[in-house]
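Reading through the structure tokens given below for one structure.
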Amino acid sequence: KDTVTMVDFGAPFCAPCKAMAPFLEKLEKEYKGRAAIVVLDVGKAPDVCERYGITELPTQIFYNKEGKEILRHTGFMKEETIVKQLKKMGVK
Numbered sequence: 060k061d062t063v064t065m066v067d068f069g070a071p072f073c074a075p076c077k078a079m080a081p082f083l084e085k086l087e088k089e090y091k092g093r094a095a096i097v098v099l100d101v102g103k104a105p106d107v108c109e110r111y112g113i114t115e116l117p118t119q120i121f122y123n124k125e126g127k128e129i130l131r132h133t134g135f136m137k138e139e140t141i142v143k144q145l146k147k148m149g150v151k
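As numbered in the numbering used here, residues 60 to 151 make up the sequence shown, in order.
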């Protein structure tokens, strides 16, 4: 809450998740203090899939500052696309 957040739901066995990992780590550092980039390993929290309606990996969910879901995407998401969405949500 009070921060734009992107949550990536993934798992170590997921090829697209592995491909996204390096740039998600980079974005997490780049946007620290401006937006939260959260990577969740669903294998470590199996109840998360049910709670958030995750049926495919990876799934990215973007939340606005009020905690409202703004965008949900399944599958590989390019770094540029994530950055574009964050900017669209007002992150500088």
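Cβ atoms here follow ideal geometry from the backbone N, Cα and C, with glycine treated the same way.
Quiz item: Can you name, in chain order, every residue of its own chain whose Cβ lies under 8 angstroms from the Cβ of L99, other than the five neighbours on each side?
Solution: Within the sequence shown, the letter at position 40 stands for residue 99. Around L99: V66, D67, F68, G69, V107.
Exercise. Using DSSP bridges, identify the partner residues of D106.
Key: Counting from one through the sequence shown, the residue named residue 106 turns up at place 47. Answer is none; D106 lacks a bridge partner.
Quiz item: So L145 packs on Y90, CB below 8 angstroms; how close in whole Å?
Solution: Start at 1 with the first residue of the sequence shown, and residue 145 comes out as number 86. Start at 1 with the first residue of the sequence shown, and residue 90 comes out as number 31. Going by Cβ atoms, the distance from L145 to Y90 rounds to 7 angstroms, so yes, they are a contact pair.
Quiz prompt | Range of the contiguous alpha helix (DSSP H) that encloses A70 | solution = Within the sequence shown, numbered from 1, the residue matching residue 70 stands at position 11. First-last for A70: undefined, no H or E at that position.
Practice problem: Mark M64 as exposed unless 16 or more other C-beta atoms lie within 10 angstroms of its C-beta, in which case mark it buried. | Solution: Counted from its first residue, the sequence shown places residue 64 at position 5. The question names Met, yet the displayed sequence has Thr at residue 64. Buried: at least 16 other Cβ atoms inside 10 Å.
Quiz item: Going by beta carbon distance, what residues of the same chain come within less than 6 angstroms of K132, once the five residues before and after it are set aside?
Solution: What you label residue 132 is simply residue 73 of the sequence shown in a count that begins at 1. Looking at the sequence itself, residue 132 is His, so the reference to Lys does not match. Hits under 6 angstroms: Q119.
Quiz prompt | T114: CB within 7 angstroms of a non-hydrogen atom of the ligand ATP | solution = With respect to small molecules bound, the structure shown includes none, and the ligand ATP cannot be examined in it.
Quiz item: Hey, is E109's beta-carbon within less than 8 angstroms of any beta-carbon in chain C?
Solution: Considering every chain present, this structure includes no chain C. It has just one protein chain.
Quiz item: Just to confirm, are V150 and A94 a CB contact at a threshold of 8 angstroms?
Solution: Numbered from 1 along the sequence shown, position 91 holds the residue referred to as residue 150. Numbered from 1 along the sequence shown, position 35 holds the residue referred to as residue 94. Yes; because the gap between Cβ atoms is below 8 angstroms, this pair is in contact.
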